[in-house]
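Q: Going by the numbering used here, the letters in the sequence shown line up with residues 214 to 529, in that order. Virtual Cβ for every residue (Gly too), placed ideally from N, Cα, C. All of these numbers come straight from a predicted model, not from anything done at the bench.
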Amino acid sequence: MNPKTLGYTTMIVSATLMGCVGLFSRNINTSGDVIAFTRMIVGAVCIFAIMIYQGKAQQLKTIKLTPAVITSGVCLGLCLAAYVSATQYTTLANAVFLIYTGPVFSTILAAIFLKEKISALTASMLTAVFIGCLFIIGIISYTPQTGLTLSLSFSKENMVGDTLGLISGIGYGLYLFFSRYRTDIGSDSRSLFNFSFGAIAIAICFVINPPSLATMDGTSWLWLISMGFFIGFGALSLLTIAAKHLKAAELACISYLETVVGAGLGILVFSESLTVLQAIGGVLVIGGGMGEIVINIIKKRALSHNPQSHKPLPLS
214 MNPKTLGYTT MIVSATLMGC VGLFSRNINT SGDVIAFTRM IVGAVCIFAI
264 MIYQGKAQQL KTIKLTPAVI TSGVCLGLCL AAYVSATQYT TLANAVFLIY
314 TGPVFSTILA AIFLKEKISA LTASMLTAVF IGCLFIIGII SYTPQTGLTL
364 SLSFSKENMV GDTLGLISGI GYGLYLFFSR YRTDIGSDSR SLFNFSFGAI
414 AIAICFVINP PSLATMDGTS WLWLISMGFF IGFGALSLLT IAAKHLKAAE
464 LACISYLETV VGAGLGILVF SESLTVLQAI GGVLVIGGGM GEIVINIIKK
514 RALSHNPQSH KPLPLS
């Protein structure tokens with residue numbers, strides 16, 4: 214498969230799976246750090262088992278660990294733990310908005326340090342999905358009485374949750390940014406390192422603040438292990454593959470698809486309502502996330518039918 218096509222495909226599936234976090238977490242009676250730790254551990258076990266089966270485990274000995282490899286895993290683990298915990302101490306809107314500042318951070322960092330150029334098309338698509346995300350999670354809302362309003366609020370009561378939300382956003386952005394380093398490492402090996410160092414980082418947090426499993430029952434354990442497999446091993450392994458083949462801005466655009474999936478599950482499973490403005494936000498997110506892919510395909514087909522007009526594509 215073409216590297217770009219592989220990157221886009223794996224990122225779309227990863228974002229879709231990540232959008233199911235709320236569906237799983239609402240059925241698990243434990244703290245966010247335990248959920249994040251389980252995702253890391255299950256992911257590490259699964260990817261290591263696959264590497265042993267494929268005879269690739271010996272490759273790990275030849276890989277030189279660098280700060281970027283270690284840091285990307287640590288940032289991934291901490292951002293997931295901080296995000297789930299943030300939803301317990303602040304409003305869901307604040308938590309979601311703050312973690313999704315991450316793709317914006319990563320795009321800016323990649324442009325500065327990795328010299329990744331952001332085309333006008335990519336910038337416009339990223340702007341569209343960011344605005345759409347604000348519509349979906351209710352930061353920007355509309356009523357006939359007040360018109361368009363911004364509902365993001367910070368208070369002393371939500372200070373802990375908002376701080377955790379900001380940490381999750383910074384961690385997410387740093388993870389996406391550091392994932393763009395060392396693309397020479399295979400995706401399976403990089404996934405294993407991400408899972409392992411993410412689990413170690415969360416385990417250190419356990420020493421400082423020991424978790425409690427007193428409220429966990431059989432159903433909660435089933436949901437927790439399932440979440441570790443699908444949204445830990447599945448989603449995060451695919452995200453690692455996508456990060457190897459896509460630029461930070463391209464990753465950012467498609468990552469916002471998660472908010473559409475989350476909103477859709479809220480409607481279908483939890484009977485949550487959807488406003489017209491949220492529906493418009495969904496269209497912006499899907500259109501912005503998929504727009505560059507579609508335009509790329511159209512231009513490539515046009516060039517294949519008219520080879521003489523072949524010119525370098527102005528896309529990122």
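1) Who are the near neighbours of isoleucine 380 in its chain, counting only those whose CB is closer than 6 Å to its CB and skipping five residues on each side?
2) Just to confirm the assignment, what range does the alpha helix (DSSP H) spanning isoleucine 493 have?
3) Ignore the nearest five residues each way along the sequence and tell me which others in glycine 411's own chain have a CB closer than 6 Å to its CB.
4) Report the rounded CA-to-CA distance for threonine 251 versus leucine 426, giving the unit in angstroms.
5) Using a Cβ-Cβ cutoff of less than 6 Å, which residues in the same chain neighbour threonine 320 once the five nearest sequence positions on both sides are dropped?
6) Looking at tyrosine 355: is its Cβ nearer than 7 Å to the Cβ of leucine 490?
7) Please state the DSSP three-state secondary structure of tyrosine 221.
8) Is valine 255 near phenylalanine 390, with beta carbons less than 7 Å apart?
9) Where are the alpha helix (DSSP H) runs, 4 residues long or more, that stay fully inside the segment 262-314, in chain order?
10) Take the Cβ of proline 316 as the centre, count every other Cβ of all protein chains shown within 10 Å, and call the residue buried at 16 or more, exposed below.
11) Whole angstroms is fine: what's the gap from isoleucine 506's alpha carbon to alanine 341's?
12) Check whether chain D comes within 7 Å of glutamine 267, counting only Cβ atoms and requiring the distance to be less than that.
13) Quick one: grab the DSSP three-state call for isoleucine 350.
14) Return the first residue and the last residue of the beta strand (DSSP E) that threonine 243 is part of.
15) Please list the terminal residues of the continuous alpha helix (DSSP H) segment that includes glycine 374.
16) Between which two residues does the alpha helix (DSSP H) carrying glycine 477 extend?
17) Can you tell me the Cα-Cα spacing of phenylalanine 261 and leucine 405, whole angstroms?
18) Using beta-carbon positions only, say whether glycine 374 and alanine 299 come within less than 7 Å of one another.
A: Put simply:
1) Ala295
2) 489-518
3) Met253, Gly286, Leu289, Gly290
4) 13 Å
5) Ala461, Ala462, Ala465
6) yes
7) helix
8) no
9) 280-302, 305-312
10) buried
11) 15 Å
12) Note that chain D does not occur in the displayed structure, where there is just one protein chain.
13) coil
14) Segment: none, threonine 243 is in no beta strand (DSSP E) and carries neither H nor E.
15) 372-391
16) 470-481
17) 7 Å
18) yes
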